[in-house]
Ligand SMILES: [Zn+2]
Ligand SMILES: [Zn+2]
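Listed below in structure tokens is the structure:
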């Protein structure tokens, strides 16, 4: 049978939101998976630890899946891999540091799936099922990042990975323009492109700028330097350590994720701490302040991180000193603004000198508009699929693609579960597959759905009211006055009158139903819930969670 030239690109995540990146390529009864990431929840998801893609499609078609290729070691690209591989022991391809971080994750979960891991390098040619694949070196905020050229029967698809263009990178070589251009010359069917920053004009800027700024700060700081960055930004930590070592400073690293990444990267020759430079936290007291650099987690103001504890003055070992210089070497992830300002204010109030700002002590790892344009021009794709963006980013890309001469119907907006199908050199919207999110809360996977989340939001914002009724089992007749308990709703001691009214309403509801001869506890529950809920809203304008507790009593 001749090979079919149909290719399906299936998004399972990473489009329409930032995080949980996962894309599948399907042809001839084979599915290739690219990345398998998680997303960190926002305030819309109280209590949820992690969000991962819905992978039902892969579980249902497990015999077709030929393997997983990884672009780089960030959580939004590898974080859900343990969950996938635990069910499907697939072969995995990735660069050295990426696989090292995956391995550390498996150790942490204490799972050891029986899969093959293949270490790859740019320019390797991989054959996975019927796909021929070349990893292409790209610059990003972590070493060893790649994009991919995927040669399918329908044509070549280029996936940029998370990328930027840094002409003077401080680690490794620049993004491989030549490889992208080579495929462009041959003819590219589709380009999937990182659009995180494509609504920002200009270029992202070189890491070299930050390296120079950090060096200057560390040289001039009168006291300790306390620096935070993303725990995965290994290159950034390396600059801080090198500059500190040159100035005779000792370095302390605080924060589990940072320590783990440093350990993994050091073992794989992607990180180096000069001998004698790193000291443990208990040595801090023996050193003069100007001989100390402290690297800490907490760049997003995470309340439990070392930096926020220092800012609140509650860290076990570290207090702010008057001449401390704090460097926030990271971007503000949308949604975290309030926490970050709180951290900065807390540090400043205690006398620290706080430095932050894009283009100064931080540059982004994602391409801005001009770099996105350059990639489109180098690869000259027939079709384009923006990824790694919220809708506003995808739309910004659509505008930009039109500026470059692409037609509106040559840019496809996917979403989780949406399918783009290529047949006979043309592109169609294919039949959707299961898409969406699976919430992970503690040890439970997928047991917290929208209803539970809605309840948690209500609980957090409006509190809870528990009407407790003891009723005869046979007739639903009340055997005692109802009781009303509440938490987070009103201050009980000052709201006796209101609670008395609610108690009366609960009693009336139960009596009404009893008079109508309704003795079904479920109906009683529903009626109590809606009537008391409505009553409270009319009285107070609030909508707390109302959870009636009905105690059936056996009467002699
Ligand atoms: Zn990334
Ligand atoms: Zn990413």
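In the working numbering, the protein residues as written are 2 to 557. Glycine included, C-beta positions come from ideal geometry on N, C-alpha and C.
C-alpha distance - residue i paired with residue j, whole-angstrom precision
i: residue 409; j: residue 429; result: 14 Å
i: residue 272; j: residue 182; result: 31 Å
i: residue 320; j: residue 355; result: 15 Å
i: residue 62; j: residue 37; result: 16 Å
i: residue 267; j: residue 235; result: 10 Å
i: residue 94; j: residue 118; result: 6 Å
i: residue 64; j: residue 82; result: 18 Å
i: residue 556; j: residue 469; result: 18 Å
i: residue 421; j: residue 156; result: 14 Å
i: residue 109; j: residue 335; result: 28 Å
i: residue 390; j: residue 133; result: 27 Å
i: residue 368; j: residue 398; result: 12 Å
i: residue 574; j: residue 340; result: In the structure as shown, the chain starts at 2 and stops at 557, and residue 574 therefore has no counterpart that could be examined.
i: residue 76; j: residue 528; result: 46 Å
i: residue 209; j: residue 240; result: 10 Å
i: residue 292; j: residue 233; result: 25 Å
i: residue 281; j: residue 254; result: 8 Å
i: residue 86; j: residue 131; result: 22 Å
i: residue 538; j: residue 395; result: 40 Å
i: residue 324; j: residue 92; result: 52 Å
i: residue 256; j: residue 318; result: 13 Å
i: residue 1; j: residue 480; result: It is not possible to answer for residue 1, since the shown part of the chain is limited to 2 through 557.
i: residue 67; j: residue 23; result: 15 Å
i: residue 373; j: residue 402; result: 9 Å
i: residue 466; j: residue 486; result: 6 Å
Cβ-based burial, residue i [other Cβ within 10 Å; buried from 16]
i: residue 259; result: buried
i: residue 237; result: buried
i: residue 220; result: exposed
i: residue 517; result: exposed
i: residue 419; result: buried
i: residue 252; result: buried
i: residue 179; result: exposed
i: residue 30; result: exposed
i: residue 74; result: buried
i: residue 531; result: exposed
i: residue 552; result: exposed
i: residue 28; result: buried
i: residue 126; result: exposed
i: residue 5; result: exposed
i: residue 160; result: buried
i: residue 21; result: buried
i: residue 58; result: buried
i: residue 242; result: buried
Near ligand 1: residue i beta-carbon under 7 Å from a heavy atom
i: residue 73; result: yes
i: residue 366; result: yes
i: residue 179; result: no
i: residue 141; result: yes
Three-way DSSP call (helix, strand, coil) for residue i in this model
i: residue 505; result: helix
i: residue 155; result: coil
i: residue 309; result: helix
i: residue 41; result: coil
i: residue 126; result: coil
i: residue 533; result: helix
i: residue 364; result: coil
i: residue 182; result: helix
i: residue 417; result: coil
i: residue 558; result: Any property of residue 558 remains undetermined from this structure, which presents the chain solely from 2 to 557.
i: residue 438; result: strand
i: residue 524; result: helix
i: residue 369; result: strand
i: residue 132; result: strand
i: residue 515; result: helix
i: residue 103; result: helix
i: residue 549; result: coil
i: residue 198; result: strand
i: residue 484; result: strand
i: residue 143; result: coil
i: residue 16; result: strand
i: residue 165; result: strand
i: residue 320; result: coil
i: residue 377; result: helix
Any chain C beta carbon closer than 8 Å to residue i
i: residue 468; result: Within the model displayed, chain C is absent; a lone protein chain is all it includes.
Check: residue i C-beta below 7 Å from any heavy atom of ligand 4
i: residue 463; result: In terms of ligand content, the structure shown lacks ligand 4 and carries ligand 1 and ligand 2 instead.
Query - Residues whose Cβ lies closer than 6 Å to any heavy atom of ligand 2, in chain order - result: After applying the 6 Å Cβ criterion, the set is 22, 75, 77, 78, 163, 389.
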